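>
4 protein chains.
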Amino acid sequence: MATGWFERLLGTIAERGRSWIRIPTDLPPLERICALARNLVSEKGEASGAALADAVLELYRSLDEASRDRFLETLATEYAPDPARLAEAAGRYLAEPGAETASALAGAADPPRQELLRRLNMGRGGTATLIEMRETVLARLHEAPSLLPLENDLKHLLMSWFNRGFLELRRIDWHTPAAVLEKLIAYEAVHEITGWDDLRRRLDSDRRCFGFFHPALDDDPLIFVEVALVRGLAGAIGPLLDPVRPSRPGKPADTAIFYSINNCLDGLRGISFGNFLIKQVVEELKAEMPGLRRFATLSPVPGFRRWVETRDGAFEGPLGEALEQIEAEASELDPDMALRLKRLCAEFLTASNEGRGPADPVARFHLRNGARLERINYPANPSPRGIAESWGLMVNYLYDPEKIEAYHEAFVRQGEVAHSPEVAQLLREEAGLGVANLLPFGATWRH
Amino acid sequence: MATGWFERLLGTIAERGRSWIRIPTDLPPLERICALARNLVSEKGEASGAALADAVLELYRSLDEASRDRFLETLATEYAPDPARLAEAAGRYLAEPGAETASALAGAADPPRQELLRRLNMGRGGTATLIEMRETVLARLHEAPSLLPLENDLKHLLMSWFNRGFLELRRIDWHTPAAVLEKLIAYEAVHEITGWDDLRRRLDSDRRCFGFFHPALDDDPLIFVEVALVRGLAGAIGPLLDPVRPSRPGKPADTAIFYSINNCLDGLRGISFGNFLIKQVVEELKAEMPGLRRFATLSPVPGFRRWVETRDGAFEGPLGEALEQIEAEASELDPDMALRLKRLCAEFLTASNEGRGPADPVARFHLRNGARLERINYPANPSPRGIAESWGLMVNYLYDPEKIEAYHEAFVRQGEVAHSPEVAQLLREEAGLGVANLLPFGATWRH
Amino acid sequence: MATGWFERLLGTIAERGRSWIRIPTDLPPLERICALARNLVSEKGEASGAALADAVLELYRSLDEASRDRFLETLATEYAPDPARLAEAAGRYLAEPGAETASALAGAADPPRQELLRRLNMGRGGTATLIEMRETVLARLHEAPSLLPLENDLKHLLMSWFNRGFLELRRIDWHTPAAVLEKLIAYEAVHEITGWDDLRRRLDSDRRCFGFFHPALDDDPLIFVEVALVRGLAGAIGPLLDPVRPSRPGKPADTAIFYSINNCLDGLRGISFGNFLIKQVVEELKAEMPGLRRFATLSPVPGFRRWVETRDGAFEGPLGEALEQIEAEASELDPDMALRLKRLCAEFLTASNEGRGPADPVARFHLRNGARLERINYPANPSPRGIAESWGLMVNYLYDPEKIEAYHEAFVRQGEVAHSPEVAQLLREEAGLGVANLLPFGATWRH
Amino acid sequence: MATGWFERLLGTIAERGRSWIRIPTDLPPLERICALARNLVSEKGEASGAALADAVLELYRSLDEASRDRFLETLATEYAPDPARLAEAAGRYLAEPGAETASALAGAADPPRQELLRRLNMGRGGTATLIEMRETVLARLHEAPSLLPLENDLKHLLMSWFNRGFLELRRIDWHTPAAVLEKLIAYEAVHEITGWDDLRRRLDSDRRCFGFFHPALDDDPLIFVEVALVRGLAGAIGPLLDPVRPSRPGKPADTAIFYSINNCLDGLRGISFGNFLIKQVVEELKAEMPGLRRFATLSPVPGFRRWVETRDGAFEGPLGEALEQIEAEASELDPDMALRLKRLCAEFLTASNEGRGPADPVARFHLRNGARLERINYPANPSPRGIAESWGLMVNYLYDPEKIEAYHEAFVRQGEVAHSPEVAQLLREEAGLGVANLLPFGATWRH
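Okay, structure coming up:
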């Protein structure tokens, strides 16, 4: 476990005698932060933990990149559990496996690194800094795989701390502090918010926005979802984002369209909030507006084009030609070709793939979450990105509170994709009409 | 790992076929909660985690004692990590000890029980129920030692969740909601609050009260401290609690006396807040009232009498007689005897005990926390409890922000008890005057 | 307008020369406050109005009773409008009555006293002090009728400032600050709250409490109403106040009983909030619990006994004897006599009195407010006060949002008392059965 | 008082019999709103005041311009006090002038119009609508002088309701709801806010912004002030508004510069808040930052050019030529000419004008408010507006809490303009150097 330079550092510091206790301020930053961290995790951390944590955090934020990387390396390679104690607990478990020896082994395996991270969290801005630290670690993990133990511990702690039970759902509207609202502009990645005027429209009386917040990160939403209240299932993104909206129709909305959902903090990657958020927002909206009878997304299909392109013979035959044409001309498919495109997408999104489900990440998220594939819309998103991903096609996933559990089960266990009769009809037509003939792509890609 | 009855239960449920997925509502509560918990920790927990957690929590709260104990037993003995995976990780660590194998072993040793508890926390009132669960487990641990793995995991999680960084310091006063204030009355264990009138006096303008709160337990303080703003070091508890206080003197207070500090939730036993609380309250008070120049406790000495009683020859000689007399007559020591008692107490509280420090728990808390023993007061607390614990004597521990770290170090490392010149004088007198002659207790108990 | 002593005071002050501007601090309090008030209402008030107002308010609160009365006298007799300007405006209006001369006259008649009171309101605690000032003035008005102009102006301003549009309806429950809750205990005058435990029961989950608050009087409710959620029309106060209540029945409440409504501030006497409060609380409760179908009071009949006693022959005959007996024995009427008592009360409460309506103040309040007399209950309130006022009988007034306006109209215009079929039946029986024979009171008192 | 058409309307309605009580919904809007208003002010207003007020307000907001003007006309000409009662009170006062007859006359002169306006205030959005109503009335008053009685009453009520004692000072920063912040952008009239980025800079950590709010107008500031924290007296607006500011200097700010103060609601014209606001903000800033030692404005001199232009011979001579040149070339004065311009401005701003003070409205506001003229700065504001008003010159007024009252007195009583030694020096130089020779303007305009 000896990594050399850190031991030498300890030696250097020890030579200075008692100054070990109060870290000399003339140490180079890297030596200084390593010494402070050691103190923090030691018994000294008990008496002046918050002050020590403040010092480490402040210093960490000011490190240059190279020192920061060395410090992360130190965190990842030092702070392992006591080898003797761990070896003994491992041996005892192997000799006598059972609940108690397992529990003792877990205790011995709990790394001091986690305790250090927990104590760092006591300092001012601790939680935010640990999230940023994980963002850095994740970005460097590929080229610095030795950071893995640190990533494991950061993820473990953040997952525990950002437990659903500690999150607060807040409605976001025009009465929300600007310090929160500017985060929406910054984090919206699905359908860019072009500025404060656009934001204001998205928070208008026929819109809703909700986010999860954590008490330790007051102004920073972890995730937020934008909802449009409409009549009928919205099939295109344009009217929802249009700066000039018709004044509200006489009839009240019956459908809530979740048209954008964004995770905000890269350092919380892999820690899932979206599933809880959608379901809780459905409950909130039902309570506020009993007239709402349908809850659905209007979602992109970011994996569609890639899937098509990997097929043999893609872009041969009439649909292929049509797709190339509309892209070149920025025009639209004619109805016949549009139908073919929708059928193809229906097939893509309902593919079981031997129980693994469709390859589209957005589809996987919603299906795993208990939604069903409700409708495939064309034309729906004529933006360059929409064309690039799926030739302008978008999809509705429907959340039916009564059926979420059953759909989820079927998807997780058998890779079965729940879908509406309308989608089933698209699939039948495709099969019945001999899709192979209609499509440019040979039978090779059929499952 | 097979414990028999749970496996049989699983068999029973499996026979009912698909009903396994949706727990039949006619199952006996114990079988039902076990099945729900299994579901919660399984992949089903992903889709409907919050709903399942709600169901388990609600059912748990309604269990009779016997069923609850069986369920706790199940939690403690089931939900161990996967034996094969853990054995493999243990073997690999033993073969090649290092940061990465240790991290992998920690991952394999992380018990599903913790994941179950984390998912339970997602339900309504989850955190509060887990704290109550730990209270129950702690109460039963002595006679049911097999609950230890559950206790380990509960403590581990609660310690992580109740990290200082997630606690909120709130001032408590007469503008605080009654739902919080009634907790003060219920939890005050040092100097009983006799009712709302008494409480109101303790929140008056020459008093302060602060508590730590956790966002998931809104109305429940975790710990609170009561402070009196006075001139000079308060040496007796009576005037501080007196229902009829003189109107405030002309001169402003220069001293803050921490006269009562109470942990509120038994289920958080062993998770330390008091050290942080005192230090943060010192900062708050300094900011509010720059005129405050001294921060000290007025503390009981609950271990004093016990210590005296374990000595040979206790209660022989003049002091012993005097103590028995005042107890019988509810009278007071004369000055000479009072001085002897104070000297004895000074000895008790400054004993290094081979680096372990004095046996008094209150003293250990404050000394470990970086305070110094400032003054020994007699008479200070003539209540029956005060007499029973320490013949009415009380002690001031002083918090000097500048010296907290040094005092803490010296205490933790060498068991050195920081004390004031006044206490040093008591100790010198004792030695110089030949205490052995004055005291009823023979030299046998002197260190 | 010369009142003598004030002019002399002005002279005294003027002699001191420039010190007139900055009031000498060694003046007697009465002279000092009068001088400060003069300054406040002068142009000086513009530059340092808030500071001057603070000074006047602080001094006012510290005045002894005699000085305070002199100061109030000064306020009432000085600070009249400019006589020349007012006389001119009066003359012009008499010469040419019309909208514009009336408006000009109103401007000229607006007394500087009101401006002084408005400027006093700018100081710390100004509004609260003006309310207390009016309380004092009202208490002294009978023996000091010259205070009337001050009372007129105070009432005029407070009525304007405590406009419904500036009041905030707040729910009061166990999460309300103790500083507000203690006011409920202090102000509850209908059914005394015996302490914090009683209060807590009255704020339990099957109870509601609402109050009107004014932003300038944060902790002080102006008026509050206590509501019990029950099934069916509650006919007795005992079960509502019982410390030991049965756990809530299986069926949800369908009726909200307003069983106590209290004005809190004597200084706001004659400024009506109760009518608005009841109606707004009805709206709140309907929104929270759509299952509520009836909103009614359970009210005392404080004027009943007095009305009976003023009749000739009261307490002769069987009912009279029975009433005397139950009072002496603290027993209950038998059913026959109870029916007679209820009939008598029905007659009392429905009496038109030549369009003036019944003499009972509680009845007048609710009837004028648009309620109808719904039911007469016996036995309903066996407390000494209940017996003393109405031999233990209580009454329900029903608020039917659909009919409030019509009932109010009929009552205000013709003195018609809206009542239920059940009350109508009582009235018919009385007439049909020859009540004169049954009752102890001769025909003389029948209308 | 008969105005004809309203009486005919009443007749029409009366013919419809009982429908008079519940206003028929098919009436033309103008007749309908007049009838509703009559009801509101009648006894009916008691029972269903809030509902009636809602109806009037909603209808008022939807009226077309012509109907709205007729309705305002009706409000101004009807709703005068009862002529008989007023005449009698006027007569009695003339016969016997005194505090009590004056008070009685004030009561009789209080117009039902005010009561109507007070009752309108009970409806949803009442206060905001009354403010808008006054804005309309003020705009039309010139061509419709008969609206004066309505304006008198609106102003009287709003002045009373927007009493300083009811206003709340709030700090405005980036945590303030966007709904408030957008008002700053809309209302800033002194130095335009160019968008959200500019706004954010103005709320940065070296800036402060405070506003007065009224509880009935939650999101609408009545007035707000923008403050820059700087070192030394800021002499030019450019650096304060510059999008790119140097990072904060090492030394903390010692001066607070009030560089923009804006009234927000035209309907509150003539109701003064600015004087209170500045003084209270000075107190807030002193409490937050004890290091601040100077509080001053950086103000325009909007009346300077106009004053110069009205003089004979303006724009002859060297300064006149220089001013014309810099305006044509958008260049700057050379130091010598700059000094002449500052001297001229010093003279303008210190002119007593026979006790009336200088003609500049900004100067009058601050001088009346107790500030002193501290410094005249050139070049200070090179914007087109700055050039147009004062050739780019700006002024500091200093607020010295110790001297506010004395300065105010001297200004109000004698028109004396308090000014700094630096300004005095400018004045002396001007006199000493024979300004008449230096200046383009002949002696005619010298006082």
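Protein chains in written order, with my numbering: chain L, 1 to 447; chain V, 1001 to 1447; chain C, 2001 to 2447; chain B, 3001 to 3447.
We treat Cβ as the ideally placed atom computed from N, Cα and C, and that holds for glycine.
Keep in mind the model is a prediction, meaning the values are calculated, not measured.
1. Taking just the CA atoms, how far does C2345(C) sit from R2446(C)?
2. At a Cβ cut of 9 Å, what residues of the stretch 162-184 of chain L count as close to chain B, listed as they run along the chain?
3. Pairs of beta-carbons, one from the stretch 2355-2365 of chain C and one from the stretch 2404-2422 of chain C, closer than 8 Å: are there three or more?
4. Inspect the beta-carbon positions of L1154(V) and R1134(V) and report whether they are closer than 9 Å.
5. Taking the DSSP output, what are the residues bridged to T3455(B)?
6. Can you find the residues in the same chain that come closer than 6 Å, C-beta to C-beta, to D2266(C), ignoring five residues on each side of it along the sequence?
7. Can we say the stretch 1387-1398 of chain V touches the stretch 1371-1378 of chain V, given the rule of at least three CB pairs closer than 8 Å?
8. Using 9 Å as the threshold, is the C-beta distance between Y3259(B) and L3240(B) below it?
9. Output, in chain order, the set of chain C residues within a Cβ distance shorter than 8 Å of D3110(B).
10. How would you call S2067(C), buried or exposed, if buried means at least 16 neighbouring beta carbons within 10 angstroms?
11. Please list the residues of the stretch 193-212 of chain L that have a C-beta atom closer than 7 Å to any C-beta atom in chain B, keeping them in chain order.
12. Determine whether the Cβ of M3337(B) lies closer than 9 Å to any Cβ atom of chain L.
13. Measuring straight from C-alpha to C-alpha, what distance separates I1426(V) and L1117(V)?
14. Please report the distance separating the alpha-carbon of E2332(C) from that of F2348(C).
15. Would you check if the stretch 2175-2182 of chain C and the stretch 1174-1192 of chain V touch, i.e. whether three or more CB-CB distances between them fall below 8 Å?
16. Which of the three DSSP states is assigned to C1345(V) in this structure?
17. So within the stretch 169-225 of chain L, which uninterrupted beta strand (DSSP E) runs reach at least 3 residues, ignoring any that extend past its ends?
18. I'd like the list of long-range same chain contacts for P111(L), defined as Cβ closer than 8 Å, with 5 residues on each side in sequence excluded.
19. Going by DSSP, name the residue or residues bridged to N1396(V).
20. Rank F3224(B), A3236(B) and V3230(B) by C-alpha distance to the C-alpha of G3250(B) and give the top, closest one.
21. Nearest by alpha-carbon distance to L3339(B): which of P3358(B), V3056(B), W3391(B) and E3327(B) is it?
22. Against chain V, does D525(L) count as a neighbour if the rule is that its beta carbon must be under 9 Å from one of theirs?
23. Give me the Cα-Cα distance between A2228(C) and P2252(C), rounded to the nearest whole angstrom.
24. Excluding the five sequence neighbours on either side, which residues of its own chain have a C-beta within less than 8 Å of the C-beta of A104(L), listed in chain order?
25. Comparing alpha-carbon positions, which option in F304(L), F295(L) and V281(L) lies nearest A359(L)?
26. Between A1287(V), S1420(V), A1144(V) and R1306(V), which lies nearest to L1373(V) when the distance is taken from Cα to Cα?
27. Would you please state the rounded distance, in angstroms, between the beta carbons of L217(L) and T127(L)? I believe it to be under 8 Å.
28. Confirm, please, whether the CB-CB distance from F2162(C) to L2057(C) is below 9 Å.
29. Could you tell me if T1101(V) is buried or exposed, where buried requires 16 or more neighbouring beta carbons within 10 angstroms of its beta carbon?
30. Could you give the DSSP three-state label for L1427(V): helix, strand or coil?
31. With 16 as the cutoff for other CB atoms within 10 Å, does A2014(C) come out buried or exposed?
32. Against S3103(B), what residues of chain C qualify as contacts under a CB-to-CB distance less than 8 Å, listed in chain order?
33. With 8 Å as the limit, tell me which residues of the stretch 2393-2404 of chain C have their beta carbon closer than that to any beta carbon of chain B; keep them in chain order.
34. Taking beta-carbon pairs under 9 Å, can you tell me which members of the stretch 56-83 of chain L lie near chain V?
The relevant details are as follows:
1. In this predicted model, R2446(C) has a pLDDT of only 29, less than 50, meaning its place in the structure is not dependable enough to derive any value.
2. D173, W174, H175, T176, P177, A178, A179, V180, L181 and E182
3. yes
4. yes
5. A query on residue 3455(B) cannot be resolved here, the shown segment of chain B reaching from 3001 to 3447 and no further.
6. E2135
7. yes
8. yes
9. A2106 and H2156
10. buried
11. W196
12. no
13. First, the residue type needs correcting, since residue 1426(V) is Leu and not Ile in the sequence shown. The straight-line gap from Cα to Cα measures roughly 53 Å.
14. 21 Å
15. yes
16. helix
17. 207-213
18. Y79, A80, P81, P149 and D153
19. R1375(V)
20. V3230(B)
21. W3391(B)
22. Because chain L spans 1 through 447 in this model, residue 525(L) falls outside it and cannot be assessed.
23. 12 Å
24. A89, R92 and Y93
25. F304(L)
26. S1420(V)
27. 6 Å
28. no
29. buried
30. helix
31. Residue placement at A2014(C) is flagged as unreliable, the pLDDT there being 36, under the threshold of 50; the coordinate-derived value follows with that caveat. Answer is exposed; the Cβ neighbour count stays below 16.
32. A2080, P2111, L2148, P2149, N2152 and D2153
33. I2404
34. A76, T77, E78, Y79, A80, P81 and P83
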